[in-house]
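Protein sequences appear in the order of chains A and B. Throughout, the numbering used here is defined as the position within the first sequence, counted from one, plus 2. Throughout, the numbering used here is defined as the position within the second sequence, counted from one, plus 2. We put the CB at the ideal spot given by N, CA and C, even for glycine. A short worksheet on the structure shown next.
There are 2 protein chains.
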Amino acid sequence: MRAIIISVGDELVAGLTEDTNAAYLARRLGELGIEVAAHHTVGDDRRAIAAAIASAAAGADLVLVSGGLGPTADDLTRQALADATGCELTLDSRRLADIEEFFARRGRTMQPANRIQAMVPAGAESLPNAMGTAPGIAARLGNASVVALPGVPHEMQRMFDDAVAPRLAGGGGCIVRREVHCFGEGESDMAGRIADLMERGANPTVGTTVSGGMVTVRIVSRSASRQEAERLAEQTVVTLRQRLGQLVVGVDEQTMPAAVGELLRRAGCTAATAESCTGGQIGWMLTSVSGSSDYYVGGVVGYCDDVKRKLLGVSQDLLSRCGAVSEEVAAAMAAGCRRLLGADWAVSVTGIAGPAGGSEKKPVGLVYVGLAGPEFQAVHHHILPGSREIVRLRASLTALNHLRLALVAKER
Amino acid sequence: MRAIIISVGDELVAGLTEDTNAAYLARRLGELGIEVAAHHTVGDDRRAIAAAIASAAAGADLVLVSGGLGPTADDLTRQALADATGCELTLDSRRLADIEEFFARRGRTMQPANRIQAMVPAGAESLPNAMGTAPGIAARLGNASVVALPGVPHEMQRMFDDAVAPRLAGGGGCIVRREVHCFGEGESDMAGRIADLMERGANPTVGTTVSGGMVTVRIVSRSASRQEAERLAEQTVVTLRQRLGQLVVGVDEQTMPAAVGELLRRAGCTAATAESCTGGQIGWMLTSVSGSSDYYVGGVVGYCDDVKRKLLGVSQDLLSRCGAVSEEVAAAMAAGCRRLLGADWAVSVTGIAGPAGGSEKKPVGLVYVGLAGPEFQAVHHHILPGSREIVRLRASLTALNHLRLALVAKER
């Protein structure tokens, strides 16, 4: 099966709004084993949309269109689809009732303009929108299925899940998606460990994506029964945990800050941060989780040596002798922070984020991570590649990962 | 003039890599007054690329292609362009010398595979790449100009500046771009103040984009002489500064953290941060600027009340009486932080980032910003819309903006 994705919107064509829908749909189709041949983006122009749909339907089995289903004069996907299929728009009274109810539930009256949203080309099917007023449309054009989805990402995603994915799921109508977040190894090394699971056409399908040093393994299982699809996906999660061991940070919503938080919560422990080159990024990450005040007490950004000395108790002798970016100072920062803030654990980072400040002995990217915990202390060092921004991001994630591994080891 | 943009790459079609090139090129063309009719994304497939180029050239005056110019077997834009134009690939010896020199400068030997990069369809022009090994190609196909650019964003952008924009600049061969970063008002309000400057077809062209609460006004001037283009752009920068006053944070590279840093540097002052709901984000932003250790000493993340009390000296009485999210606590955090870290200025933030923790009197999004400086103290409050992530981002930028305005006022 071959698919083409069309995005509709003047703002997208002008580059003023980022199109996340096309990439999202492409990934979802890929997970279902459907090859995407091309994406097209066209403006709010009825003829251009109709031409794009007709041309795509001539070269693909499946055409997914997003955008242009709103109630205003520049929303023209519905009309263009009618033009392309050569069918008149007709009213779907069930959808009209849905839209009226959507407004009624919010204590508002439906505007006449919204009536157009209940129209579909004759013979096409209207798809309910669980999140908004714009129903989708499923039509046939030649040998192709054409599905028009709303442009608002969360509405589009929900409709894809509810009405599109099940039809595409081959033998099984139920699809379960899981994500396993990993850290500590490159994508190609990780993919090597699970190559057999990543074979094309397998069920579940398994693939990897990378973002900011985190490698996420995506699992998609299909089956006629939800229970079986869930079992298949869970089985793969278990296999991945066995194969990847401590590289696995967490599953689904459990990204790095949530995973560290969960370990702290389980241990009944608190944590604090002492940051130099990351400037507060680790604290910011930990507090991205709602409820993190249960285990994160706070931190010190010791950007200048004076703060490292006065607040964190790093001695001037150590700073002069070893330099602010050193194993010794990282250890002292963590120990001092733990003492100062009265936390069970403290993690520290000191490093050279660049682009200036590097030397032959201490190059840009050199980062020390210090850990202090109950009868525990350690310092790790890394040389991280990339721009100032990337070095800092990786340093923060690396620091959290060391804290995670220390907490995991304590659990055993 | 009508343009179509084509992006080439299997990773893009599969949605695994974000395509930033198409939107970038669309914005740049828009600034030059060139209408973009559509974007197309195709995989690393010679026939598909050739078909996309031929079809685009039939419907547009200008076709910009990015990607597929590398030296490996899956880089096929060069061959596809030869197919589309019906011309054989021939060697451009000048470009071959460029590529050999690129490797020689890095002490490396050119691999035979790179030789293909010096090939262009007969009759087409090879465009030098100032940042990498992949030259671009400018060709004619029917009535359209087709320009192939490398896929690596910074190489593509530089080549667009050097070789494409000047040809498209109409009367004037020189183009000057400036950016004016603003904060404190919504995009539509701001656009209202400068509507006359934003008229289509003007020189310079003026447009706005928004990202994370910052509104950036983009200026593009065109003239036969660089000096005149620079004068026109500078004149518009001056006009914008007059119209927008203190909404203007900075120009070009001077985004919020750099603007605050420049003001501190000019005043010979240091600053410190006391963060609760932002968890370290303000410190992280300030230290995104290389050299920020000249004026940023560090900070305290006082996420739990205990740290606010012990480190920042906020009294238990105040915390009990007013609550951690209050004008009084914001003021005490800033004053305590300034004292503790011995900085000239301190900025504090305490608020309710959500989604939990809101009440009728103190809703999610309520944020207090405290400032303490030389004979100066102030507290501002805001109710910021959006998700936890967005509230925290806006709170951090708002805090830096208050510090900026206080520093500007002191300069007068």
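Next on the checklist: Quick check for students: name the residue ranges of the beta strand (DSSP E) that lie wholly in the region 106-146 of chain A, counting only runs of 3 or more.
Outcome noted: 121-123, 127-129, 138-143, all fully within the region 106-146 of chain A.
Item to check | Simplified DSSP assignment, three categories, for B/V327 | outcome: Three-state result, B/V327: coil.
Checklist entry - Along the region 293-307 of chain A, what residues have a CB closer than 8 angstroms to any CB found in chain B? => result So the close ones are G293, S294, S295, Y298, V299, G300, G301, V302, V303, G304, Y305, C306.
Checklist entry - Is B/S227 helix, strand or coil when you go by DSSP? => result Reduced to three states, the DSSP call for B/S227 is coil.
Item to check | A/R4: first and last residue of the uninterrupted beta strand (DSSP E) it sits in | outcome: From DSSP, the beta strand (DSSP E) with A/R4 extends over 4-10.
Item to check | Residues within the region 192-220 of chain A neighbouring chain B, beta-carbon criterion of under 7 angstroms | outcome: When C-beta distances to chain B are compared with 7 angstroms, the residues of the region 192-220 of chain A below that value are T211, in chain order.
Checklist entry - Is DSSP giving B/C184 helix, strand or coil here? => result Under the three-state reduction of DSSP output, B/C184 falls in the strand class.
Next on the checklist: So if DSSP puts A/G372 in a beta bridge, which residue, or which two residues, is it bridged to?
Outcome noted: Answer is A/S350, A/V381.
Checklist entry - Hey, B/M258 and B/N403: beta-carbon distance below 8 angstroms or not? => result In this structure, B/N403 lies closer than 8 angstroms to B/M258 by Cβ.
Checklist entry - If you follow the alpha helix (DSSP H) that B/V410 is part of, which residue opens it and which one closes it? => result Where B/V410 is concerned, the enclosing alpha helix (DSSP H) stretches over 390-413.
Item to check | Residue range of the alpha helix (DSSP H) that includes B/V44 | outcome: B/V44 -> not in any alpha helix (DSSP H); beta strand (DSSP E) instead, spanning 37-44.
Checklist entry - Taking 8 angstroms as the CB-CB cut-off, is B/Y26 touching chain A? => result Interface residue, yes.
Checklist entry - For B/A86, which three-state DSSP category applies? => result DSSP places B/A86 in helix when its eight states are reduced to three.
Checklist entry - If you check the beta carbons only, do A/L71 and A/A150 fall under 8 angstroms apart? => result Contact: yes.
Item to check | Reduced DSSP secondary structure (H/G/I, E/B, other) of B/Y305 | outcome: Correct three-state label for B/Y305: coil.
Checklist entry - Residues in the region 337-349 of chain A with C-beta within 8 angstroms of chain B's C-beta atoms, listed in sequence order? => result Within the region 337-349 of chain A, the residues whose Cβ lies closer than 8 angstroms to some Cβ of chain B are L342, L343, G344, listed in chain order.
Next on the checklist: Considering Cα atoms alone, identify which of B/R108, B/T211, B/T280, B/P137 is closest to B/M121.
Outcome noted: The shortest Cα separation from B/M121 among B/R108, B/T211, B/T280, B/P137 belongs to B/P137.
Item to check | Min CB distance B/E255 to chain A below 8 angstroms | outcome: Answer no: the Cβ-Cβ gap between B/E255 and chain A never drops below 8 angstroms.
Next on the checklist: By the DSSP assignment, the beta strand (DSSP E) with A/A358 in it spans what residues?
Outcome noted: The continuous stretches of beta strand (DSSP E) do not include A/A358, and DSSP gives it neither H nor E.
Item to check | B/V262, enclosing alpha helix (DSSP H) - first and last residue | outcome: For B/V262, the enclosing alpha helix (DSSP H) covers residues 258-269.
Checklist entry - DSSP state of B/Y298, grouped into three classes? => result Note: B/Y298 maps to strand in three-state DSSP.
Checklist entry - In angstroms, rounded to a whole number, what distance separates the CA positions of A/R406 and A/L399? => result CA-to-CA, the gap between A/R406 and A/L399 works out to about 10 angstroms.
Next on the checklist: I'd like to check one pair, B/R323 with B/G356: are the Cβ atoms closer than 8 angstroms?
Outcome noted: No.
Checklist entry - Quick one: is A/Q248 near chain B, going by C-beta distance under 8 angstroms? => result A/Q248 has a beta carbon lying at 8 angstroms or more from every beta carbon in chain B.
Next on the checklist: Bridge partners for A/S68 per DSSP, in chain order?
Outcome noted: According to DSSP, which records beta bridges pairwise, A/S68 is partnered with A/S9, A/L151.
Checklist entry - Does DSSP classify A/A273 as helix, strand or coil? => result Looking at A/A273 - three-state DSSP - the assignment turns out to be strand.
Next on the checklist: Pop quiz: A/Y370 and A/S328 are said to be a contact at Cβ under 8 angstroms. What is the actual Cβ separation, rounded to whole angstroms?
Outcome noted: For a cut-off of 8 angstroms, the C-beta gap from A/Y370 to A/S328 is around 7 angstroms, short enough to register as a contact.
Checklist entry - Pairing CB atoms from the region 298-311 of chain A with CB atoms from the region 280-287 of chain A, are three or more of them under 8 angstroms? => result The region 298-311 of chain A is in contact with the region 280-287 of chain A.
Item to check | Assigned secondary structure, A/I221 (DSSP; H/G/I helix, E/B strand, else coil) | outcome: Reduced to three states, the DSSP call for A/I221 is strand.
Checklist entry - Hey, does B/E181 have any beta-carbon neighbour from chain A nearer than 8 angstroms? => result Put simply, the CB of B/E181 is far from chain A, with every gap to its CB atoms at 8 angstroms or more.
Checklist entry - Using the rule of at least 16 other Cβ atoms within 10 Å of the residue's Cβ for burial, across every protein chain shown, is B/M192 buried or exposed? => result Burial check for B/M192: the Cβ neighbour count within 10 Å reaches 16 or more, so the residue is buried.
Next on the checklist: Below 8 angstroms on the Cβ atoms is my contact criterion, and I expect A/V219 with A/V251 to pass it. Report the Cβ-Cβ distance as a whole number of Å.
Outcome noted: Taking the Cβ atoms as the reference, A/V219 lies roughly 11 angstroms from A/V251, outside the contact range of under 8 angstroms.
Checklist entry - Of all Cβ atoms in chain E, is any one closer than 8 angstroms to the Cβ of B/I284? => result Within the model displayed, chain E is absent; protein chains A and B are what it includes.
Checklist entry - So, helix, strand or coil for B/I177, using DSSP? => result Strand.
Next on the checklist: Rounded to whole angstroms, what is the Cα-Cα separation between B/N145 and B/G215?
Outcome noted: Looking at the two C-alpha atoms, the distance is approximately 43 angstroms.
Item to check | Range of the contiguous beta strand (DSSP E) that encloses A/G209 | outcome: Annotation for A/G209: the continuous beta strand (DSSP E) segment containing it runs 207-213.
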